[in-house]
Every structure is written in C-alpha cells, then in structure tokens.
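Asker: Below is the structure I would like to discuss, written out as structure tokens.
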Amino acid sequence: FSSRGISGASKIVIHSIMFSMLKNQPATRQTFVLSDPEGRSKGFDPYLEFEKKYQDIMGEKILVNKDDIRNAIFKLSQYVDEVGQSKFVGYRDIFDYNRNVTDKQEPLKCLCLLDFPKYFDERMLDELYNIVNNGAEYGIQVLIDFNEDYLNDNYRESVMNIMSKIMSKCTQLEYVFGKWKFNNGVCLRFATTPDSYIMRQFMNIYDEQYEDMKNTNLPLGKIISRDKWFESSSSDNLTIPIGKNEYGEI
C-alpha cells in the first residue's frame, strides 16, 4: 500500500484487513508478526489490547527496532525454506495440509510491515523477497505500508533491484484522491476499521472460541505411535510444561 504521503491511510487499510482475517478464521488459526519502527507500536493502536491478551496470536511484542525486525524476517524466511521440505511434503499447500491433518492444523501467518523500508538492509530485503515469493502456499501473507520517505539515496543498485523484485510480487495499491486504486485504475473499497467498542465485542466472542480451541484434546497415539507404547521412557518423546498463569493458578 502506498498512501503517497497521506498520513495513516495505509495503516487504516491494514487494520481493516487484519480484522477480516481474525473474523474469518477459527481462533488460533490466524497469527501475526507486527512491525512498527516509526510509530513504536502506536501504528497498531486498535490491536494493542488484543496483542496483550493473545500473545501467541499477535506475537509477544510489536517489533520496533532493527534487530527484532531482522530476527523476525529471518525466522519467517527460514520457516519457508524448511516447512516445504518437511511438514508440507505431499501436500499442495497449507489448505490441503489442514484439510487432511485436522488434529494438528498449521495456522496462517500475516507479516505486517509499517513504514517499509525503514531499517531494511540488503540481507533483510533478500529474506523478505523469499517470504513474498514463496510463502503464500505455506500460509504466509505480507501487508506492506510503503513509505517512500525511507528510500535512501545511498542505496546501492543491488538493493533497489531486490526492492523492485519484492514489489513485482505484490498486489500494489495507491491512494489517489481519497480512493485506493490498482495500477489499472480500478478502485477498491475496504471495510471500516473496528473501533474500540467493536473490538471489545469481538474479543468476547473470540475469547470463547480461543478457550475451546486451546482445550481441544490431542490423542496420545498422535504423539507416540501405539506400537511404541510401554517400550521405553515417555520422557524421550513427551514433554508436558507446567507453570502458573497470571492469577497464580497451576
């Protein structure tokens, strides 16, 4: 998304898409990686309460510094490289996998980058290209708020080439005269970004679904094959974490 200097326009659209993703997927089946190097988390203000409550969905924190953003980009790129050679072997894509492996489905992931390309160097751009180019079939979507103010005149030609490759793999929308338009001039209208009241209502509904999903049982036979039962110590195959929640309960 390129808002051409119209403050906040791209962020509003990204907020709207995030809400649609959360509503249209079962609880826990849509996760996010959020990067806001300029707003320092304020760019995702409508979701700060949600992020605090559901850190396994929204990430432990909103990424605001270069090291954290780099680590997240590298981690996602590594996931793309590895999952196609392991978990998804024999499946067309993540949707085919989830249809067939119903008891251990893989969540969709959405990388949201505000004020891109702030903090991005050549290596980070290269890894981002891998995510954009190869991640969709593994359930990774990328929403980019492109801010041309962070284009560095000192960028080498190789950096600009990678950035061009990234953009060529994206569906590009520009904000022109109050409307979002594709390159061919077709306009696109987005749903209204949820206000605090709607978010609170949604969180009440989401919380029930979230608890139901978290309390779903996984048969032991799915963890340890039945023909291996009573042959060795379960500690070699099974680890059960025990701790206290925020209320001090085990």
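Its first residue numbered 469, the sequence shown is counted upward by one per residue in this note's numbering. Positions of the beta carbon are idealized from the N, C-alpha and C atoms, including for glycine. Everything numeric in this text was worked out from a predicted model, so none of it was measured.
#1: Cutting at 7 angstroms between CB atoms, please list the residues of its own chain near residue 493, excluding the five before and the five after it.
#2: Quick check on residue 521: buried or exposed, where buried means 16 or more other Cβ atoms within 10 Å of its Cβ?
#3: Below 8 angstroms on the Cβ atoms is my guess for residue 634 versus residue 597; work out the distance and round it to an integer in Å.
#4: Under 8 angstroms: do the stretch 552 to 567 and the stretch 500 to 513 share three or more Cβ pairs, one atom per stretch?
#5: Out of 526, 584, 640, 701, point me to the one whose CA is closest to residue 534's CA.
#6: DSSP on residue 619, reduced to helix/strand/coil?
#7: Determine the contact status of residue 578 and residue 489, defining contact as a CB-CB distance below 8 angstroms.
#8: Leaving out the 5 sequence neighbours to the left and right, which residues in its chain are closer than 7 angstroms to residue 526 when beta-carbon positions are compared?
#9: Given this structure, state the Cα-to-Cα distance separating residue 531 from residue 660, to the nearest angstrom.
#10: Secondary structure at residue 610, three-state DSSP: helix, strand or coil?
#11: DSSP state of residue 484, grouped into three classes?
#12: Does the beta-carbon distance from residue 582 to residue 647 come in below 8 angstroms?
#13: Once the 5 residues before and after residue 559 are set aside, which same chain residues still bring their CB inside 8 angstroms of it?
#14: With residue 502 as the anchor, note down where its beta strand (DSSP E) starts and where it stops.
Answerer: The short version:
#1: Your numbering for residue 493 matches position 25 in the sequence shown. Here the set comprises 576.
#2: Numbered from its first residue, the sequence shown carries residue 521 at position 53. Flag for residue 521 reads exposed.
#3: As a working note, residue 634 is residue 166 in the sequence shown. As a working note, residue 597 is residue 129 in the sequence shown. Indeed they touch by this definition, with Cβ atoms about 5 angstroms apart.
#4: no
#5: Taking the first residue of the sequence shown as position 1, residue 534 is located at position 66. It is 584.
#6: To locate residue 619, count along the sequence shown from 1; it is residue 151. Of the three classes helix, strand and coil, the one that applies to residue 619 here is coil, per DSSP.
#7: Looking up residue 578 in the sequence shown gives position 110. Looking up residue 489 in the sequence shown gives position 21. Yes, the pair counts as a contact, with Cβ atoms nearer than the cut-off.
#8: For the purposes of this step, residue 526 is identified with residue 58 of the sequence shown, where counting begins at 1. Excluding positions up to five away in sequence, the list reads 500, 502, 515, 518, 519.
#9: Along the sequence shown, read from residue 1 onward, the residue named residue 531 stands at position 63. Along the sequence shown, read from residue 1 onward, the residue named residue 660 stands at position 192. So the two alpha carbons sit approximately 25 angstroms from each other.
#10: Mapped onto the sequence shown, residue 610 falls at position 142. Three-state DSSP puts residue 610 in a strand.
#11: The residue labelled residue 484 in the question sits at position 16 within the sequence shown. Of the three classes helix, strand and coil, the one that applies to residue 484 here is helix, per DSSP.
#12: Position 114 of the sequence shown, counted from the start, is the residue given in the question as residue 582. Position 179 of the sequence shown, counted from the start, is the residue given in the question as residue 647. No; because the gap between Cβ atoms is not below 8 angstroms, this pair is not in contact.
#13: For the purposes of this step, residue 559 is taken as residue 91 along the sequence shown, with counting starting at 1. Excluding positions up to five away in sequence, the list reads 565, 568.
#14: As a first step, residue 502 must be located in the sequence shown, where it is residue number 34. Where residue 502 is concerned, the enclosing beta strand (DSSP E) stretches over 498 to 503.
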